[in-house]
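Numbering (the working numbering), first residue to last: 207 to 510.
Here's the structure, in structure tokens; my notes come after.
Here it is as structure tokens:
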């Protein structure tokens, strides 16, 4: 399959706050200060004048205007209108002490549990809302037609890569995952135009995954990036970009919310692939489940 033009999820169907959060690393330091105020409390930001917001962010009115344009707004009035609309539809946490998704000093375990549960659920919901079905469809199409699928990820994203590989393998797809960068590079070097390479990186800045995806692309393989940030470096070596919408907070670098968001996308792709040939996928799942039945407590192999 020939490489297709890159399609990025920049249409922000999941909401303006999700969109701004995804663009935050690509903004200048001064614009990031504005972005953090907006993301933390869109209702409060919508009530502020441009001078008030600039003062609160310790920057200038010109920077606020640049921020507006960086996130796709014509100017500050449009931003205020969009923020007010966003605040009106925003889901509030069930526990009033859960604010901004962060865990404040002195939080008791009940508050920690409520905060984590709320953020994990929100990550899945917002990821689903902003996921572009058209891009997912093209990725599914590429995987269905692929002779070989390779999935790459490092650290916590490596577990998601392994999960995707296992899911594809269980329905009879030729799929591999390589946690070691040297093995990944040598394998990617053997890919061709009929193959697909998927790189998973929450930040989109993991050099090992970027390098492997770049190697796969140079060999003609279709490349797919799964990241939380649509302007991150990994998107430069991807034909297709899929984004999550997770927000990592204090104590939670590599948080479960990020993994759950990635797994949501992986599951959507897997089911999309399986649905293309339901009979074959169902039979493969039955056969593989039967193969391990006797390794479960109380399990016994069926007699044919």
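Just so you know, even glycine gets a beta-carbon here, dropped at the ideal spot from N, CA and C.
Because the structure is a prediction, the values reported are computed rather than measured.
Counting Cβ pairs, one atom from each stretch, are 3 or more of them under 8 angstroms apart for the segment 443-453 and the segment 267-279? no
Between the alpha carbons of residue 334 and residue 350, how many angstroms are there, rounded? As a position in the chain shown, residue 334 is number 128, starting the count at 1. As a position in the chain shown, residue 350 is number 144, starting the count at 1. The alpha-carbon atoms of residue 334 and residue 350 are separated by roughly 22 angstroms.
Express the C-alpha separation of residue 255 and residue 415 in angstroms, rounding to a whole number. Position 209 of the chain shown holds residue 415. Position 49 of the chain shown holds residue 255. Straight-line spacing of the CA atoms in residue 415 and residue 255 works out to 43 angstroms.
When we look at the beta-carbon of residue 200 and count the other beta-carbons within 10 Å, is it buried (16 or more) or exposed? Because residue 200 is not part of the residues shown, which for the chain are 207 to 510, the question remains open.
Note down the Cα distance separating residue 460 from residue 434, rounded to an integer number of angstroms. Within the chain shown, residue 460 is the residue found at index 254, counting from 1. Within the chain shown, residue 434 is the residue found at index 228, counting from 1. Because the pLDDT at residue 460 is just 49, under 50, the model does not fix this residue reliably, and the value given afterwards should be weighed accordingly. Their backbone Cα atoms lie some 12 angstroms apart in a straight line.
Using DSSP's beta-bridge definition, name the partner residues of residue 292. Taking the chain shown and counting its residues from 1, one reaches residue 292 at position 86. None, per the DSSP bridge assignment.
Are the C-beta of residue 452 and some C-beta of chain B separated by less than 8 angstroms? The structure shown contains no chain B; it holds only a single protein chain.
Completely contained alpha helix (DSSP H) runs for the segment 368-418, where each covers 4 or more residues: 387-394
Which residues in the same chain have their Cβ closer than 7 angstroms to the Cβ of residue 285, if we skip the five residues on either side of it in sequence? Within the chain shown, residue 285 is the residue found at index 79, counting from 1. The answer, listed in chain order, is 274 and 279.
Report all residues from its chain with a CB closer than 6 angstroms to the CB of residue 240; omit the five preceding and five following residues, and keep chain order. As a working mapping, residue 240 is identified with position 34 in the chain shown. Counting only Cβ-Cβ distances below 6 angstroms, and skipping sequence neighbours, we find 263, 270 and 273.
Same chain, Cβ closer than 8 angstroms to residue 466, neighbours up to 5 away in sequence not counted: Within the chain shown, numbered from 1, the residue matching residue 466 stands at position 260. Closer than 8 angstroms at the Cβ level, and outside the excluded window around residue 466, lie 326, 329, 330 and 452.
With DSSP run on the structure shown, which of helix, strand or coil describes residue 264? Residue mapping note: residue 264 aligns to position 58 of the chain shown, counting from 1. DSSP places residue 264 in coil when its eight states are reduced to three.
Would you please state the rounded distance, in angstroms, between the beta carbons of residue 367 and residue 383? I believe it to be under 8 angstroms. Start at 1 with the first residue of the chain shown, and residue 367 comes out as number 161. Start at 1 with the first residue of the chain shown, and residue 383 comes out as number 177. With 8 angstroms as the limit, residue 367 and residue 383 qualify as a contact, their Cβ atoms being about 5 angstroms apart.
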